[in-house]
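The sequence shown begins at 659 in the working numbering and counts up one residue at a time.
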Amino acid sequence: MRFLWLALTVVVACVVAIALVRARRPAAPMAASAAAATGGITAAQPVLGDVQGDVQAQRGTAIALLYASNLQGEYEHCGCPSHPLGGLARRATVIDRARAENAGVLIVDAGDMLLPAGFPGNDHNKTGNKLKAPDASEIERRAQLILSSYARMGVHAVLPAEGDLAIGPRKLLRLLKSLRVPAVASNLMDRAGRPIFERDRIVVVAGVPIGIFGVVQSLSKHQDLWQKWQIQVADPTATARAEIASLKARGAKMIVALLHLGPRGEAAQLLRDAPGINWAVQGHSGAQLETPETVGGARLVEAMSMGKLAGRLDIHLVKGVDGDAATFADKGERAQVLTIIADHRRQLVDIERRAAEDKTDQLRDYYKLRREGITAAIARETELVRKLPNVVAGSWYENRIIPLDESIPDHRGIALLISAYNAESARRAAAGLPVGVAMRDPRAAVPLPPPSASAPASASGAGRPELSTYAGSTACAGCHESAWKIFQTTKHARALSALVPLKRERDPTCVGCHSTGYQVPGGAATIREATTRLKDVGCESCHGPGLAHLTNTDKKRTTQRAVSESVCRGCHTPDQTNGEFEYESFRRAILGRGHGA
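Next up, the structure:
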């Protein structure tokens, strides 16, 4: 018994000692772990020496405006770059965290949720090659997934724009109503002049009645679309003035405008010509605003395109809700710069890791340039933080552009929706049915070689004898043995396998850049062919179709030896690489003796 009492005394003493040690620890590590738990937003952490992260400000009525635009059907990150960004499941997690932190949340989207604005024009490349129009049922299936996800997120208002109306106004309206996703489009009318969607709505958030309306552009270049859909588009500015007056008369204390216009200058002009808007979300341009733009009495925000970033505007009302948003203090500029610094530091760590893992040393120059560029950026940004004030008074706002990277876990409910969608896609592909929506061909297509009358009909069923066709990379190996050996060591030779862990190897949005000649004349017409005979980024992706070269008896050149940079940048776009593609370094990585070197 005496031994048991002694043991119990020791245990109690240890527990007390641990508690005292934890109580005496500095708060910084806890802040760091909390930042990690909020998706890597480390704005509250110290940066260097005397530079402190947080900004002192009064607390008041808290509203978090979560905004997006130009999703363009990208429901899931593609996995191409080293830090793949995007995905509805990650965005839903950001929304849930905002709900946990704030008294009120308002969620909006400024349009082009379902398809790119240019769809169904399909003007994908300079040579005029166009993707085959996707199956209508597949367009609707993807629209159903995205809008179902929006319903689960609790989105308060979306603005249907050209990329959404492309599925058909009636079909879109039916989907929105069945899934209970509120849509506002103040200046879209049917032939009889009646609103197709709600003109506006008032949502009470944290006790504040917020009026929301949306307008789309009425540029002449879209007249063919409006006529096709039998839609009339009222003047955006006149509509905005009428909506502001109507919403205020009905008790709205704050006005949020969704503006799907042209370049940002058009949105700014509307804000000047239609005073009374407090906050405006810009769509269509696909740009990114780290710091909101002040126009008249309004603040304008935008969060890039394709769902890679999430916009979050925290609004704190200390003196009340009346008054121009332009008078609110910007608490977020400092926090935003700190977030950028934290992101650059993560990139630096990743570059060091990748450089250490690269046993071939093929990208040595690339890693060196990236390292120097990121280090210089951190130095500039740190100096900027030191100059920004860390105290604000009165009502204030804080804008954050949140990268939807791997530090943000998937929302379970949305992830299940996406998993079910992908499983159905796999089932359809196995049955030979149309799969996915190839909304763009990201390649700058290889110019076709001179027509050859002796070229056989397309192996993919195009039946165009005048067009050269694709032979497949293995057909090149016999004559170009040295080049073939070099090619086999590159990532191009394993491009399709990179999609397998992501379960995207049958998604036409991805397959185009991970196969050879997908849906171009004489190339792979089906997913099956693109993932078998013409899989990976083969010889003909760079040098052009090769079947005429094999069968050519008069030895005229039907392929191209030199490859322009534009061909590479067709797939290595800023969107797909997060701006990390450095042409010369990457080019050297695929060359060798007998293959361009």
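Virtual Cβ for every residue (Gly too), placed ideally from N, Cα, C.
Let me know the secondary structure DSSP gives Glu1238 once reduced to three states.
The residue given as residue 1238 occupies position 580 in the sequence shown. Coil at Glu1238, not helix or strand.
Skipping 5 residues on each side, what residues in its chain have a beta carbon closer than 7 Å to that of Asn801?
If you number the sequence shown from 1, residue 801 lands on position 143. Per the sequence shown, residue 801 should be read as Ala rather than Asn. Contacts found: Leu772, Ile825, Leu833.
Return helix, strand or coil for Ser1222, following the three-state DSSP convention.
Counting from one through the sequence shown, the residue named residue 1222 turns up at place 564. Three-state DSSP puts Ser1222 in coil, outside helix and strand.
DSSP has Thr1132 in a bridge; who is on the other side?
Numbered from its first residue, the sequence shown carries residue 1132 at position 474. Per DSSP, none; premise fails for Thr1132.
When you compare each of Leu1249, Thr1209, Gln1234 to Val1221 by their alpha carbons, which one comes out closest?
In the sequence shown, residue 1221 corresponds to position 563, counting from 1. Ranking Leu1249, Thr1209, Gln1234 by Cα distance to Val1221 puts Leu1249 first.
Count the other C-beta atoms from every protein chain shown that fall within 10 angstroms of the C-beta of Lys1045, then say buried if there are 16 or more, exposed otherwise.
The count along the sequence shown starts at 1 and reaches residue 1045 at position 387. Exposed, since its Cβ has fewer than 16 Cβ neighbours within 10 Å.
Who are the Cβ neighbours of Ala892 in its own chain at under 7 Å, not counting the five residues just before and after it?
For the purposes of this step, residue 892 is identified with residue 234 of the sequence shown, where counting begins at 1. Here the set comprises Asn845, Met847.
Between which two residues does the alpha helix (DSSP H) harbouring Leu831 extend?
The residue you call residue 831 lines up with position 173 of the sequence shown. Segment 827-837, the alpha helix (DSSP H) holding Leu831.
Near Ser795, what residues of its chain come up, given a Cβ to Cβ distance below 8 Å and the 5 sequence neighbours on each side ignored?
By one-based count along the sequence shown, residue 795 stands at place 137. The residues are Pro1092.
Short of 6 Å in beta carbon distance, which residues of its chain neighbour Arg857, apart from the five on each side in sequence? Order them along the chain.
Counting from one through the sequence shown, the residue named residue 857 turns up at place 199. Within the same chain, Arg857 has close Cβ partners Ser844.
How do the segment 1171-1185 and the segment 1128-1143 stand: do at least 3 beta-carbon pairs fall below 8 Å, yes or no?
The segment 1171-1185 vs the segment 1128-1143: in contact.
Any contact between the segment 1061-1070 and the segment 1020-1029? By contact I mean 3 or more CB pairs, one from each, below 8 Å.
At 8 Å Cβ cutoff, the stretches do not touch.
Are the CB atoms of Val939 and Leu975 nearer to each other than 8 Å?
As a first step, residue 939 is located in the sequence shown; it is residue number 281 there, counting from the start. As a first step, residue 975 is located in the sequence shown; it is residue number 317 there, counting from the start. No, these two residues do not count as a Cβ contact at 8 Å.
Determine which residues share a DSSP beta bridge with Lys1193 and list them.
As a position in the sequence shown, residue 1193 is number 535, starting the count at 1. Beta-bridge pairing links Lys1193 to Ser1173.
Assuming Ala750 and Arg810 make a contact with CB atoms under 8 Å, what is their CB distance in whole Å?
Here residue 750 is taken as the residue at index 92 of the sequence shown, counted from 1. Here residue 810 is taken as the residue at index 152 of the sequence shown, counted from 1. At roughly 7 Å, the Cβ-Cβ gap stays under 8 Å, so Ala750 and Arg810 are in contact.
Use the C-beta contact count for Pro950: other C-beta atoms within 10 angstroms, 16 or more gives buried, fewer gives exposed.
Residue mapping note: residue 950 aligns to position 292 of the sequence shown, counting from 1. It is buried - the Cβ of Pro950 has at least 16 other Cβ atoms within 10 Å.
Among residues of its own chain, excluding the 5 on either side of Leu723, which ones have a beta-carbon nearer than 6 Å to its beta-carbon?
Translated into positions along the sequence shown, residue 723 becomes position 65. Within the same chain, Leu723 has close Cβ partners Leu764, Leu971.
Compute the beta-carbon to beta-carbon distance between Gly745 and Glu734, rounded to the nearest angstrom, for a pair I have assumed lies under 8 Å.
Translated into positions along the sequence shown, residue 745 becomes position 87. Translated into positions along the sequence shown, residue 734 becomes position 76. Rounded, the Cβ-Cβ distance is 5 Å, consistent with contact.
Could you give the distance in angstroms between the alpha-carbon of Leu803 and the alpha-carbon of Ser1077?
The residue labelled residue 803 in the question sits at position 145 within the sequence shown. The residue labelled residue 1077 in the question sits at position 419 within the sequence shown. Approximately 10 Å between the Cα atoms of the pair.
Could you check where the beta strand (DSSP E) with Ala915 kicks off and where it finishes?
As a first step, residue 915 must be located in the sequence shown, where it is residue number 257. 912-918 is the span of the beta strand (DSSP E), which, as asked, contains Ala915.
By the three-class DSSP mapping on this structure, what secondary structure does Thr1127 have?
Here residue 1127 corresponds to residue number 469 of the sequence shown, with the count starting at 1. Of the three classes helix, strand and coil, the one that applies to Thr1127 here is coil, per DSSP.
Tell me, please, which residues DSSP counts as bridged to Val891.
The residue labelled residue 891 in the question sits at position 233 within the sequence shown. In DSSP, Val891 forms a bridge with Leu846.
Which value, in whole angstroms, describes the spacing of the CA atoms of Pro894 and Ala1247?
Counting from 1 along the sequence shown, the entry for residue 894 is found at position 236. Counting from 1 along the sequence shown, the entry for residue 1247 is found at position 589. So the alpha carbons of these two residues sit roughly 51 Å apart.
In three-state DSSP terms, what is Gly821?
Counting from one through the sequence shown, the residue named residue 821 turns up at place 163. The answer is helix: DSSP assigns Gly821 an H, G or I state.
Which of the three DSSP states, helix, strand or coil, is assigned to Gln730?
If you number the sequence shown from 1, residue 730 lands on position 72. DSSP places Gln730 in coil when its eight states are reduced to three.
Excluding the five sequence neighbours on either side, which residues of its own chain have a C-beta within less than 8 Å of the C-beta of Glu1281, listed in chain order?
An answer regarding residue 1281 cannot be provided, because it is not within the stretch 659 to 1255 covered by the chain.
By how many angstroms is the C-alpha of Ile973 removed from the C-alpha of Arg849?
Residue numbering aside, residue 849 sits at position 191 when the sequence shown is read from its first letter. Residue numbering aside, residue 973 sits at position 315 when the sequence shown is read from its first letter. Spanning the two alpha carbons is a distance of roughly 40 Å.
Pick helix, strand or coil for Glu1041, following the three-state DSSP scheme.
To locate residue 1041, count along the sequence shown from 1; it is residue 383. The answer is helix: DSSP assigns Glu1041 an H, G or I state.
Using a Cβ-Cβ cut-off of 6 Å (strictly less than) and excluding sequence neighbours within five positions of Gly920, which residues of its own chain qualify?
As a working note, residue 920 is residue 262 in the sequence shown. These residues qualify, in order along the chain: Gln875.
Can you tell me whether Leu1074 is buried or exposed? The criterion is at least 16 other CB atoms within 10 Å of its CB, across all chains shown.
Here residue 1074 refers to the residue found at position 416 of the sequence shown. Label assigned to Leu1074: exposed.
Please classify Ser1224 as buried or exposed, where buried requires at least 16 other C-beta atoms within 10 Å of its C-beta.
Numbered from its first residue, the sequence shown carries residue 1224 at position 566. Ser1224 is exposed by the Cβ-count criterion.
Leaving out five residues before and five after Lys1193 in sequence, what residues of the same chain have Cβ atoms less than 7 Å from its Cβ?
On the sequence shown, position 535 is the one that residue 1193 refers to. These residues qualify, in order along the chain: Leu1154, Ser1173.
In the DSSP assignment, find the unbroken alpha helix (DSSP H) run with Asp931 in it and report its ends.
Numbered from 1 along the sequence shown, position 273 holds the residue referred to as residue 931. Here the alpha helix (DSSP H) through Asp931 covers 922-931.
Alpha carbon to alpha carbon, how far is Ala1156 from Ser943? Give it in angstroms, no decimals.
Within the sequence shown, residue 943 is the residue found at index 285, counting from 1. Within the sequence shown, residue 1156 is the residue found at index 498, counting from 1. Roughly 31 Å separates the two Cα atoms.
Less than 8 Å between the beta carbons of Asp770 and Glu732, yes or no?
As a working mapping, residue 770 is identified with position 112 in the sequence shown. As a working mapping, residue 732 is identified with position 74 in the sequence shown. Against a cut-off of 8 Å, the Cβ pair of Glu732 and Asp770 comes out as no contact.
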